[in-house]
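Numbering (mature numbering (1 follows the signal peptide of the UniProt record, and there is no 0)) for the sequence shown: -24 to -1, 1 to 303.
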Amino acid sequence: MKRRIFCATATLVASIGFAGAAAAQTKWDFATAYGPGNFHSKNNELFVKEVDAATGGKLKITPHFGASLFKMPEIKRAVQTGNAQMGEFFLVSFQNESQIFGADGLPFLVSSYDEAFKLYQAQKPALQKLLDKQGQVLLYSVAWPPQGIYTKKPVNSVADLKGMKWRVYSPTTARIGELIGAQPVTVQEAELSQALATGVVDGLITSSATGADNKLFENLKYYYNVQAWIPKNAVTVSKKAFAALDKATQDAVLKAAADAEARGWKESKEVDAKSIAALKAGGMSIETGSAQLKADLAKVGETVVKEWTEKAGADGQAILDAYKKAK
Ligand code: PCA
């Protein structure tokens, strides 16, 4: 008898405790596309921890790395439809939806992180408006290191890139592939190592970080650090999920987001240097690129920027104007 009373009381206490916690705690899924060792992923993980600490565990965010919940091209839509409350995606991949998403993938528009940040500020109002229409709030956006060309064989001019099986990640990189006479093949970062190992692709443009994360030196031998552009990931939250939070929790999320953005940009710079060293250590030749290659790429870049400006219309021009003014 005594024992039964104890059990009943314990159950009662447990259920009250459970109901209390369930009412007070919000759980979010955070879909990301890059492995846990990637610097964006680590930054996201810190963001999650900071939110947890600042809200006393009231908002629990579970990050899902390496495209384990959704593949990169699906993540934006997953946030839009509420299938994940938060997501990280690569902006320039969505350029076909709106040219605004492609502004930071334009060749040779920026030549440093400072300029890339200025371009981000110029792009941000249009980006926020666009994402808002898609049911999302932009929390933070962090740059990848500058983009360079990886090849198997030495390259002295764009003519040497002809016929290459060219991995692409955006409409602009596909267009560049066409202009240089290569065969564009879309491959997500999560599948990059395999695509190289199986010969689906044999050249690409990406960052030192992605090169080091995927040990590209196992299949490719040259890295031309031409710093063609500095593209960004965006981390967004579903508007509905954000609106459902109390004010103090919203503020904690926004504060952690601002911190993550500042930390991420700083880290990106450091990761660039570390990754180049890792590529070298892996046996890759790190090249600056010949004058001919640079001149050829500049010409390709001009065409791409011209085409983007035509397609992007007044909204695109406004971004370029605001950027030039700030620069
Ligand atoms: N790495 C990612 C996006 C840009 C970058 O540097 C990729 O190659 O898919």
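For glycine and all other residues, C-beta sits at the position ideal for the given N, C-alpha and C.
Only a predicted model underlies this, so the values are computations on that prediction, with no experimental measurement involved.
Next on the checklist: ligand 1 and Phe84: does the residue's C-beta get closer than 7 Å to at least one heavy atom of that ligand?
Outcome noted: By one-based count along the sequence shown, residue 84 stands at place 108. Result no, Cβ not under 7 Å from ligand 1.
Checklist entry - In three-state DSSP terms, what is Pro160? => result Counting from one through the sequence shown, the residue named residue 160 turns up at place 184. Of the three classes helix, strand and coil, the one that applies to Pro160 here is strand, per DSSP.
Checklist entry - Around the Cβ of Ser184, are there at least 16 other Cβ atoms within 10 angstroms (buried) or fewer (exposed)? => result Walking along the sequence shown from the start, residue 184 turns up at place 208. The residue in question, Ser184, is buried, as its Cβ has 16 or more Cβ neighbours within 10 Å.
Checklist entry - To which residues does DSSP link Ala200 through a beta bridge? => result Residue 200 sits at position 224 when you count from the first residue of the sequence shown. In the sequence under discussion, the amino acid at residue 200 is Tyr, which differs from the Ala named in the question. Per DSSP, Ile125 and Glu263.
Next on the checklist: Considering only heavy atoms of ligand 1, does any lie closer than 7 Å to the CB of Ser244?
Outcome noted: In the sequence shown, residue 244 corresponds to position 268, counting from 1. Ser244 Cβ: outside cutoff for every heavy atom of ligand 1.
Item to check | Exposure label - residue 304; buried when at least 16 CB within 10 Å | outcome: Limits of the chain in this structure are -24 at one end and 303 at the other, which puts residue 304 out of reach.
Checklist entry - Taking Cβ positions, are Thr212 and Leu107 nearer each other than 8 Å? => result Stepping through the sequence shown from its first residue, residue 212 is reached at position 236. Stepping through the sequence shown from its first residue, residue 107 is reached at position 131. Yes.
Item to check | Option nearest Phe77 by Cα separation, candidates Thr57, Ala102 and Gln56 | outcome: Counted from its first residue, the sequence shown places residue 77 at position 101. It is Ala102 whose Cα lies nearest to the Cα of Phe77.
Checklist entry - Mind checking Gly63: buried by the 16 CB within 10 Å criterion, or exposed? => result Within the sequence shown, numbered from 1, the residue matching residue 63 stands at position 87. Answer is buried; the Cβ neighbour count reaches 16.
Checklist entry - Nearest-angstrom Cα distance between Ala234 and Asn201? => result Your numbering for residue 234 matches position 258 in the sequence shown. Your numbering for residue 201 matches position 225 in the sequence shown. One C-alpha to the other measures close to 30 Å.
Checklist entry - Under 8 Å between the Cβ atoms of Pro83 and Val276? => result For this step, residue 83 is matched to residue 107 along the sequence shown. For this step, residue 276 is matched to residue 300 along the sequence shown. Taking 8 Å as the Cβ cut-off, Pro83 and Val276 qualify as a contacting pair.
Item to check | Those runs of the beta strand (DSSP E) which lie wholly inside the region 241 to 286 and span at least 3 residues | outcome: 261 to 263
Next on the checklist: When you measure from the CB of Tyr145 to every non-hydrogen atom of ligand 1, does any distance come out below 7 Å?
Outcome noted: As a position in the sequence shown, residue 145 is number 169, starting the count at 1. Yes - ligand 1 has a heavy atom lying nearer than 7 Å to the Cβ of Tyr145.
Item to check | Touching by the beta-carbon criterion (3+ pairs, under 8 Å), the region 248 to 255 and the region 38 to 47 | outcome: no
Item to check | Any 3 or more C-beta pairs closer than 8 Å across the region 22 to 31 and the region 223 to 231 | outcome: yes
Item to check | Limits of the unbroken alpha helix (DSSP H) element including Glu26 | outcome: Working through the sequence shown from its first residue, we reach residue 26 at position 50. Segment Phe15 to Ala30, the alpha helix (DSSP H) holding Glu26.
Next on the checklist: Assess contact between the region 14 to 21 and the region 234 to 244, defined as three or more Cβ pairs (one per stretch) separated by less than 8 Å. Is contact present?
Outcome noted: yes
Item to check | Range covered by the alpha helix (DSSP H) that runs through Ala92 | outcome: Locating residue 92 in the sequence shown gives position 116, counting from the first residue. Start and end: Tyr89 to Lys109.
Checklist entry - To which residues of the same chain is Ala254 closer than 6 Å at the C-beta, ignoring the five residues directly before and after it? => result Residue numbering aside, residue 254 sits at position 278 when the sequence shown is read from its first letter. So the list reads Ala188, once near-sequence residues are dropped.
Checklist entry - Does Leu168 come within less than 8 Å of chain D when only Cβ atoms are used? => result You won't find chain D in this structure, because it holds only one protein chain.
Checklist entry - Which of helix, strand or coil does DSSP assign to Ala228? => result Residue 228 sits at position 252 when you count from the first residue of the sequence shown. Helix, per DSSP.
Checklist entry - Under a Cβ-count criterion, where at least 16 other Cβ atoms within 10 Å of its own Cβ denotes burial, should Lys216 be classed as buried or exposed? => result The residue given as residue 216 occupies position 240 in the sequence shown. Exposed, since its Cβ has fewer than 16 Cβ neighbours within 10 Å.
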